[in-house]
Amino acid sequence: MKLFLLFGIINGFLAVALGAFGAHGLEGKISDQSLKVWEKAVNYQMFHTTALLVTGLLLAKSHLASLTWAGWAFLIGIVLFSGSLYFYATTGVRALAMITPFGGVTFLIGWVLLGYAVMKIV
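For the sequence shown, my numbering begins at 1 and goes up steadily by one.
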């Protein structure tokens, strides 16, 4: 439980910091299209930070394996999806952007697992 809450807190901090960096530090240094990619990475990181926090809170109520797997899926999805988009936005290297869909699928798996766990708890 505490682990996913900590991951959520760290990712929330990073999402805000990276969002501010994109808005203030990258403006004029990368293309407008790359800034949009950066913003998408920040948005998805923050959305799934919330999912990590919810998962951590639900683990306080129930220690279902599906909740634990959901938390890991959200964390891995953040790294794969947002991480690859951050890299692509700043370097333009498309090869690593090919990882982004795997992060998206990992997010979907996390949501399915979270939904399953919630149905078992409620």
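C-beta: ideal position from N, C-alpha, C; glycine also.
Leaving aside the five residues before and after Ser-82 along the sequence, list all residues of the same chain whose C-beta is less than 6 Å from its C-beta, in chain order.
For the purposes of this step, residue 82 is taken as residue 82 along the sequence shown, with counting starting at 1. The answer, listed in chain order, is Ala-41, Tyr-44, Gln-45.
Beta-carbon spacing of Leu-113, Ser-66 below 7 Å
Counting from one through the sequence shown, the residue named residue 113 turns up at place 113. Counting from one through the sequence shown, the residue named residue 66 turns up at place 66. Cβ distance < 7 Å, so Leu-113 and Ser-66 count as in contact.
Could you have a look at Ile-9 and say whether DSSP puts it in helix, strand or coil?
On the sequence shown, residue 9 is found 9 positions in, with the first residue counted as 1. Helix at Ile-9.
Are Met-1 and Ala-60 touching if we call contact CB-CB under 7 Å?
The sequence position of residue 1 within the sequence shown is 1, counting from 1. The sequence position of residue 60 within the sequence shown is 60, counting from 1. Result yes, Cβ atoms of Met-1 and Ala-60 sit closer than 7 Å.
Below-7 Å beta-carbon distance, Gly-28 vs any chain B residue:
Chain labels in this structure do not include chain B; a single protein chain is all it has.
Would you kindly work out how many angstroms separate the C-alpha atoms of Leu-5 and Arg-94, rounded to a whole number?
Position 5 of the sequence shown, counting from 1, holds the residue named residue 5. Position 94 of the sequence shown, counting from 1, holds the residue named residue 94. Each residue's alpha carbon lies about 33 Å from the other.
I'd like to check one pair, Leu-64 with Gly-8: are the Cβ atoms closer than 7 Å?
To locate residue 8, count along the sequence shown from 1; it is residue 8. To locate residue 64, count along the sequence shown from 1; it is residue 64. It is not a contact, given that the beta carbons lie outside the stated cut-off.
Buried or exposed for Val-37, going by 16 or more other Cβ atoms inside 10 Å?
The residue given as residue 37 occupies position 37 in the sequence shown. Label assigned to Val-37: buried.
Can you pull the DSSP bridge partners for Glu-27?
Counted from its first residue, the sequence shown places residue 27 at position 27. BP columns for Glu-27 point to Ile-30.
Taking the Cβ atom as the reference point for each residue, do Ser-84 and Leu-96 lie within a distance shorter than 7 Å?
By one-based count along the sequence shown, residue 84 stands at place 84. By one-based count along the sequence shown, residue 96 stands at place 96. Closer than 7 Å, so yes.
Can you look up Ser-62 in the DSSP assignment and give me helix, strand or coil?
In the sequence shown, residue 62 corresponds to position 62, counting from 1. Three-state result, Ser-62: coil.
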